[in-house]
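Participant: For the record, the sequence lines run as chains A and B. Under our numbering, the letters of the first sequence match residues 5 to 328, in that order. Under our numbering, the letters of the second sequence match residues 5 to 328, in that order. Virtual Cβ for every residue (Gly too), placed ideally from N, Cα, C. Quantities reported herein were computed from a predicted structural model and do not represent experimental measurements. One structure, as structure tokens, below. Some questions next.
2 protein chains.
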Amino acid sequence: MHIDALQYCNWSRDIFEQMRAGNVDCVHVTLSYHENFRETVLQMEAWNQRFADHGDLIMLAYSTDDIRAAKVAGKTAIIYGTQTPAPIEDDIRLLEILHRLGLRVMQLTYNNQSLLATGCYEDTDTGLTRMGREVVTEMNRLGIVVDMSHSADRSTLEAIDHSAQPVAITHANPEWWHPARRNKPDNVLKSLTDRGGMLGFSMYPHHLRNGSECTLASFCEMIAEAADRYGAANLGIGSDLCQDQPDSVVEWMRVGRWTKQIDYGEGSASAPGFPPQPLFYRDNNDFLGLAAGLAHVGFDQSEIDGIMGGNWLRFFDRVFPGHG
Amino acid sequence: MHIDALQYCNWSRDIFEQMRAGNVDCVHVTLSYHENFRETVLQMEAWNQRFADHGDLIMLAYSTDDIRAAKVAGKTAIIYGTQTPAPIEDDIRLLEILHRLGLRVMQLTYNNQSLLATGCYEDTDTGLTRMGREVVTEMNRLGIVVDMSHSADRSTLEAIDHSAQPVAITHANPEWWHPARRNKPDNVLKSLTDRGGMLGFSMYPHHLRNGSECTLASFCEMIAEAADRYGAANLGIGSDLCQDQPDSVVEWMRVGRWTKQIDYGEGSASAPGFPPQPLFYRDNNDFLGLAAGLAHVGFDQSEIDGIMGGNWLRFFDRVFPGHG
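Pasting the structure below:
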């Protein structure tokens with residue numbers, strides 16, 4: 005089972021064919037960065053059209069049974085997620101509605117303060133808000149993964165602590181390998197994985213040592229070190245692949261509607277756009293190449309199977325059924 | 005199987021207990037008269053709370069298998085419908101979203117012109133609009149019942165003609181029994197039932213001969229005459245029960261947001277509120293009493309079983325799976 009726990013591509017038949025060619029059995033896709041409820045539903049409508057047009061290549065997964073069935077059918081299972089709680093607006097009951105529509109992963113924050121918690125770009129971290137605690141409990145009940153990829157550290161630790169289910173950081177890397185606002189300190193990753201949570205390694209260049217020049221060997225050495233620290237069973241891939249997107253999309257991610265100024269986020273005035281992908285991971289065709297890199301740094305086959313997707317599947321098996 | 009194909013009560017545990025006491029196995033409930041997409045979702049959120057609070061009495065049905073399972077479990081199956089296409093706004097793709105959320109019945113119009121067709125209170129009947137034809141085809145594909153209860157006659161005939169699935173008038177009576185704006189002429193009912201469509205008999209006083217004074221005998225004589233004209237297999241109950249609603253609700257039904265004036269609809273300045281129910285049908289406890297009335301006018305048991313719900317179930321069996 006090969007799972008990529010984060011992509012936001014400019015979806016096309018070409019990309020879905022690359023998923024099949026790359027043996028990517030399941031992809032968690034982002035519906036929303038700043039989009040509200042109605043706008044997120046519009047994204048689902050666009051996906052319904054894709055499922056109608058490309059039903060030979062992809063299918064929506066509501067459960068891990070669906071993920072397994074997709075693999076048997078030779079299709080890539082699509083899991084819906086959002087990188088922001090904006091789709092639930094100020095209404096906790098929208099979680100159950102969105103869950104029925106397929107939502108299985110939600111970040112409590114994108115980069116800024118949300119109604120639920122604090123994003124990693126804020127100066128002051130409130131931790132989980134009153135609504136944040138309620139929402140985590142409701143996500144636990146329904147079976148929606150709490151994703152803290154873009155959240156600040158105190159908020160992340162409090163979410164891990166408050167959540168009755170293990171939590172995920174679907175796409176980030178350890179700060180000790182590459183210091184970056186979006187990468188995570190050791191204590192957060194320890195707390196996350198101590199409770200059965202998952203870390204998905206990002207291949208977005210701003211999260212990589214040497215950026216776009218990062219090598220597969222360096223990336224896999226990081227994973228080996230992370231396995232020593234956190235256990236190989238708590239690791240997976242969340243590539244953050246944003247293939248074929250125009251730079252207007254990275255601007256939307258950074259700016260949304262929260263400012264009238266340009267905010268460069270991880271970029272800069274001289275490099276405002278999407279950075280080039282590292283050569284070892286340009287698109288889904290390259291997914292299986294990661295397995296070779298993992299073998300090269302000494303992982304055994306069962307560890308490799310876990311990191312390539314088995315660990316995510318086991319995690320989803322635990323979280324998706326919900327409880328209550 | 006006992007099915008009531010239209011209720012819009014002020015929902016409470018008392019009413020759900022009356023459904024169980026009355027052996028009402030399935031009720032098609034109205035979510036929206038004028039409510040847009042987001043407002044209709046709010047109604048679904050309120051229903052989710054009811055399913056959580058009263059899960060021993062009611063459950064949401066997405067399929068006829070669910071209706072049958074509810075009966076076995078001793079619960080009343082709830083089917084979602086809207087009396088207006090307002091929830092899809094101007095976006096045909098919202099049908100698939102709402103279908104996933106449980107929508108199984110939708111009127112193409114309430115009383116006024118809609119984007120899809122003409123309501124029975126307009127002076128001029130356009131028939132199905134361009135979008136109306138598209139929406140009927142999409143409802144057929146998904147398995148959403150086309151309900152023409154409040155539509156004008158040409159629109160109704162065109163919907164029957166255009167629809168690949170049989171159509172329903174969930175709650176109205178024949179004009180030949182009681183002339184009223186909302187009751188239906190013989191030619192419409194003939195066309196409806198010739199194609200396998202269903203008529204649900206209303207017990208809303210404005211649709212009844214002698215209004216609130218209508219007797220069970222008179223009501224059942226009408227059904228007997230309708231069976232002679234249209235076949236007993238195409239008949240069912242759609243009580244239009246609006247139990248425990250304040251009069252502000254009937255004003256909302258009539259006025260919505262389309263006028264700043266008061267429109268009395270089927271009422272009048274001297275009687276603007278909900279009329280009292282006929283004595284033979286005050287609440288769900290009285291549902292089974294209809295069977296006795298049907299027996300009294302000469303229906304045999306199999307015909308009675310059909311009119312009390314078997315016909316609706318067979319109709320739903322045909323329409324709900326959709327095609328395509």
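1) If you compare alpha carbons, which of B/Leu10, B/Val140, B/Gly293, B/Ser36 is closest to B/Ile96?
2) For a cutoff of 8 Å on Cβ pairs, would you count A/Val139 as touching chain B?
3) List the DSSP bridge partners of A/His32.
4) Given a cut-off of 8 Å, decide if B/Pro189 and B/Asp157 are closer than it, judged by their beta-carbon atoms.
5) When you compare the CB of B/Ile62 with every CB in chain A, is at least one pair closer than 8 Å?
6) Quick one: does A/Asn177 have its CB under 8 Å from some CB of chain B?
7) Could you tell me if B/Trp181 is buried or exposed, where buried requires 16 or more neighbouring beta carbons within 10 angstroms of its beta carbon?
8) Specify the secondary structure class of B/Val76 as computed by DSSP and reduced to three states.
9) Taking only the alpha-carbon atoms, compute the straight-line gap between A/Asn238 and A/Trp51 and give it to the nearest angstrom.
10) Going along the chain, which residues of its own chain have a beta-carbon closer than 8 Å to the beta-carbon of A/Gln249, five neighbours each way excluded?
11) Go ahead and pull the three-state DSSP assignment for A/Ala65.
12) Of the residues B/His154, B/Ile19, B/Asp127, B/Val149, which one's Cα is nearest the Cα of B/Met257?
13) Can you tell me the Cβ-Cβ gap for B/Val171 and B/Leu193, rounded? I've got them flagged as a contact below 8 Å.
14) Just checking my contact of B/His210 with B/Glu270 at CB under 8 Å: how many whole Å lie between their CB atoms?
15) Are A/Asn144 and A/Ala168 closer than 8 Å when you measure CB to CB?
16) Quick one: which chain B residues come within Cβ less than 8 Å of A/Leu105?
17) Note down, one range per segment and in chain order, each beta strand (DSSP E) of at least 3 residues found wholly within the stretch 232 to 304 of chain B.
18) Closest by CA to B/Leu292, which one among B/Gly26, B/Leu10, B/Asp8, B/Ile19?
19) How many whole angstroms separate the CB atoms of B/Gly297 and B/Phe223, which I take to be in contact at a CB cut-off of 8 Å?
20) State yes or no: is the C-beta of B/Arg104 within less than 8 Å of the C-beta of B/Ile148?
21) Leaving out the 5 sequence neighbours to the left and right, which residues in its chain are closer than 8 Å to B/Leu98 when beta-carbon positions are compared?
22) Using the beta-carbon count (16 or more within 10 Å), is B/Trp316 buried or exposed?
23) Please list, in chain order, the chain A residues whose beta carbon lies closer than 9 Å to that of B/Asn144.
24) Judging by CA-CA distance, which residue of A/Ile62, A/Leu146, A/Arg233, A/His38 is the nearest neighbour of A/Arg17?
25) Just to check my reading of the structure: B/Phe2 and B/Thr68 have Cβ atoms closer than 8 Å, yes? What is that Cβ distance to the nearest angstrom?
26) Measure the Cβ-Cβ separation of B/Ala65 and B/Ala81 and say whether it is below 8 Å.
27) According to the Cβ coordinates, are A/Ile241 and A/Gly201 closer than 8 Å?
28) Quick one: residues in its chain with C-beta nearer than 8 Å to the C-beta of A/Glu100, no 5 flanking neighbours on either side, listed in chain order?
29) The stretch 43 to 59 of chain A: which residues have C-beta closer than 7 Å to a C-beta of chain B, in chain order?
30) On the three-state DSSP scale, how would you describe A/Leu112?
31) Pick helix, strand or coil for B/Asp127, following the three-state DSSP scheme.
32) Which first and last residues belong to the beta strand (DSSP E) in which B/Leu203 is found?
33) May I ask which residues mark the beginning and end of the alpha helix (DSSP H) holding B/Leu102?
34) Is B/Pro89 buried or exposed, if buried means 16 or more other CB atoms sit within 10 Å of its CB?
35) Could you check whether the Cβ of B/Phe41 sits closer than 8 Å to any Cβ belonging to chain A?
36) Taking the alpha-carbon of A/Val33 as reference, which of A/Ser159, A/Thr263, A/Gln247 has the nearest alpha-carbon?
Facilitator: Here's the rundown:
1) B/Val140
2) no
3) A/Ile83
4) yes
5) no
6) no
7) buried
8) helix
9) 30 Å
10) Tyr12, Cys13, Asn14, Phe278
11) coil
12) B/His154
13) At roughly 11 Å, the Cβ-Cβ gap does not stay under 8 Å, so B/Val171 and B/Leu193 are not in contact.
14) 4 Å
15) yes
16) Ile101, Arg104, Leu105
17) 239 to 241
18) B/Gly26
19) 7 Å
20) no
21) Phe41, Pro91, Ile92
22) buried
23) Within 9 Å Cβ-Cβ: nothing; B/Asn144 doesn't reach chain A, min ~15 Å.
24) A/Ile62
25) Nothing about residue 2 of chain B can be reported from this structure: the residues present for chain B run from 5 to 328 only.
26) yes
27) no
28) Glu142, Leu146
29) Val45, Met48, Glu49, Asn52
30) coil
31) coil
32) 202 to 205
33) 98 to 104
34) buried
35) yes
36) A/Gln247
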